[in-house]
Every structure is written in C-alpha cells, then in structure tokens.
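Residues in the sequence shown are numbered consecutively from 30, following the numbering used here.
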Amino acid sequence: MAFQHEPGRYFMNDENGKLIAEVTYQEIDDGQNFVIDHTFVDPVLRGQGIAGKLVRAVVDEARATGKKIEPLCTFARHEFATKEAYADVLRPTPTD
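Structure, rendered in structure tokens:
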C-alpha cells in the first residue's frame, strides 16, 4: 500500500480520486518537531491497519529528519501509548 505525500500530509485516494485515508501533521517549534493533528480512514476500510501505517509514515519522516512528534489526535496518541518502538520520536511534554 503506497501513500501519496504532500507537505504536512500522507494520504490515499481511491480510483475515482476520493480521499479514503489521511494523516495530517504540522511543523512546530520553528520547524524542529511535528504535531500529528488528524487521522482519517474511510469507514469501509477501517480495521485493516491503514491508520497505523499512516502514523508510521510520519514517524519514519521524523526519524529521517531528526524531529520529535507530539501526537494530538486521539488515534496518534493511542499509537504512541501502545508502541514502545515510537518512544525515540515522542516529543517530551513541556512542564509548567
């Protein structure tokens, strides 16, 4: 399964060009880190691990560029909480 990539998003369209899966992320900290703010998978495709693969694409990009990730959307938070392998790219939460 190959995703398309544009700055700030990985996504997949169906054969008619309809968006069927997407993760969006933004640069923060003056471009030094990412925040994952949204994941979407069309309901008919859910349960196939697509959202996890989208998050993994952002993780791979963060590793390649030396960035950390702040997972804001619910799904991304769950992925980071359950996958110890992502600990190296988890952005530390600032303390007050």
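Where a beta carbon is used, it is the ideal one built from N, C-alpha and C, also for glycine.
Quick caveat: nothing in here was measured; it's all calculated off a predicted structure.
Just to confirm the assignment, what range does the alpha helix (DSSP H) spanning residue i have?
i, result
"T111", "T103 to T111"
"A91", "I79 to T94"
Ends of the beta strand (DSSP E) at residue i?
i, result
"K97", "K97 to P100"
"F40", "R38 to N42"
Would you mind sorting residue i into buried or exposed? The rule is 16 or more other CB atoms within 10 Å of its CB.
i, result
"N45", "exposed"
"T111", "exposed"
"N62", "buried"
"K47", "exposed"
"P121", "exposed"
"L101", "exposed"
"A116", "exposed"
Per DSSP, which one or two residues make a beta bridge with residue i?
i, result
"V70", "A50"
"E56", "F63"
Just checking, does the segment 32 to 40 make contact with the segment 70 to 78 on the three C-beta pairs under 8 Å criterion?
-> The segment 32 to 40 vs the segment 70 to 78: no contact.
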